[in-house]
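> Protein chains in written order, with the working numbering: chain F, 213 to 325; chain W, 2 to 110.
Before we start, here is the structure in question, set down as structure tokens.
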């Protein structure tokens with residue numbers, strides 16, 4: 213089954229404790245992206261990757277890091293999480309862009325205390 | 002700047018037709034997407050327009066006017082399961098997506 217898998221689905225942690233949210237897709241997609249979704253603000257793009265070893269900043273990259281060492285994986289790293297990063301996070305992938313629909317993972321709900 | 006506007010909430014009756022509007026100001030505009038998101042779930046793709054005009058897909062249609070920076074999603078024969086948020090998203094250039102805040106649609110029996 214074609215899917216985008218995120219882990220963990222839920223996490224409560226404390227300020228400053230490094231964490232990684234993993235994202236994996238099995239569709240051989242070139243393009244992958246991370247979003248955060250906050251009430252009243254909608255989905256905002258954090259980082260995206262056009263292919264292996266190629267990444268770029270979205271609209272809200274501060275406090276986040278990403279890497280794309282393999283085509284299927286695109287982890288999101290919070291080196292020193294802060295409460296303002298409490299949010300619902302979605303990973304998405306598509307075969308290139310320019311009109312290709314994105315497939316979204318089920319989301320990761322992060323609470324930073 | 003980059004901006005997308007859509008109504009926050011709409012209500013319609015089962016069996017009716019509803020139109021959800023979206024206006025955008027996006028540099029390097031390269032297409033407009035609509036996604037459906039049920040509460041607590043991931044967004045799922047509905048439609049894509051890059052040229053002016055209407056795209057029809059079953060009960061759902063989407064329209065784009067590039068000169069006006071305007072799109073709408075038309076839902077016909079509304080069903081209870083259509084109660085969800087509808088997200089308008091513009092592709093800026095090749096890789097950057099700008100999403101609206103979403104329109105929460107309530108379908109009443």
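Note that beta-carbon positions come from the ideal geometry of N, C-alpha and C, so glycine has one too.
Just so you know, these numbers come straight off a predicted model, no measurement behind them.
Please return the same chain residues whose Cβ sits closer than 6 Å to the Cβ of residue 283/F, not counting the five positions on each side in sequence.
Hits under 6 Å: 264.
> Here's the rule: buried if 16 or more other CB atoms are within 10 angstroms of the residue's CB, otherwise exposed. What is residue 315/F?
Per the 10 Å Cβ criterion, buried.
> Compute the Euclidean distance between the alpha carbons of residue 36/W and residue 277/F, then round it to the nearest angstrom.
Answer to the nearest angstrom: the Cα atoms are 27 Å apart.
> Considering only residues of the same chain and omitting the five flanking positions on each side of residue 323/F, which have a CB-CB separation below 6 Å?
Excluding residues within five positions, the ones whose Cβ falls inside 6 Å are 224 and 298.
> Do the stretch 301 to 310 of chain F and the stretch 226 to 241 of chain F meet, that is, are 3 or more Cβ pairs less than 8 Å apart?
The stretch 301 to 310 of chain F vs the stretch 226 to 241 of chain F: in contact.
> Tell me whether residue 91/W is buried or exposed, calling it buried when 16 or more other Cβ atoms sit within 10 Å of its Cβ.
Classification for residue 91/W: buried.
> Rounded to whole angstroms, what is the Cα-Cα separation between residue 33/W and residue 71/W?
One C-alpha to the other measures close to 9 Å.
> So what does DSSP say about residue 239/F, is it helix, strand or coil?
Residue 239/F: coil per DSSP, three-state reduction.
> Taking Cβ to Cβ, would you say residue 63/W is nearer than 8 Å to residue 50/W?
Yes, these two residues count as a Cβ contact at 8 Å.
> Quick check on the DSSP output: the beta strand (DSSP E) that includes residue 216/F runs from which residue to which?
Segment 216 to 219, the beta strand (DSSP E) holding residue 216/F.
> Measure the C-alpha to C-alpha separation of residue 275/F and residue 39/W and round it to an integer number of angstroms.
Approximately 29 Å between the Cα atoms of the pair.
> Run the CB neighbour count on residue 83/W, radius 10 Å, all protein chains shown included, and call it buried at 16 or more, exposed below.
The residue in question, residue 83/W, is buried, as its Cβ has 16 or more Cβ neighbours within 10 Å.
> Can you give me, in chain order, the residues of the stretch 41 to 54 of chain W that have a beta carbon less than 7 Å from any beta carbon in chain F?
Taking 7 Å as the Cβ-Cβ cut-off against chain F, the residues of the stretch 41 to 54 of chain W that qualify are 43, 44, 46, 49 and 51.
> Applying a beta-carbon distance threshold of less than 7 Å, which residues of chain W neighbour residue 255/F?
Residues of chain W passing the Cβ test: 88 and 100.
> Determine the chain W residues that contact residue 319/F at a beta-carbon separation under 7 Å, and present them in chain order.
Result: 43.
> Can residue 103/W and residue 23/W be called in contact, C-beta distance under 8 Å?
No, they are not a contact pair.
> Residues in the same chain with beta-carbon distance under 7 Å from residue 273/F, minus the five sequence neighbours each way, listed in chain order, please.
Closer than 7 Å at Cβ, skipping near neighbours: 258 and 259.
> Report the start-end ranges of each beta strand (DSSP E) in the stretch 14 to 38 of chain W that is 3 residues or longer and not cut off at the edges.
Runs found: 19 to 26 and 30 to 38.
> Just to confirm the assignment, what range does the beta strand (DSSP E) spanning residue 267/F have?
Per DSSP, residue 267/F belongs to the beta strand (DSSP E) from 266 to 269.
> Can you tell me which of the three DSSP states residue 83/W falls into?
Residue state, collapsed to three classes: helix.
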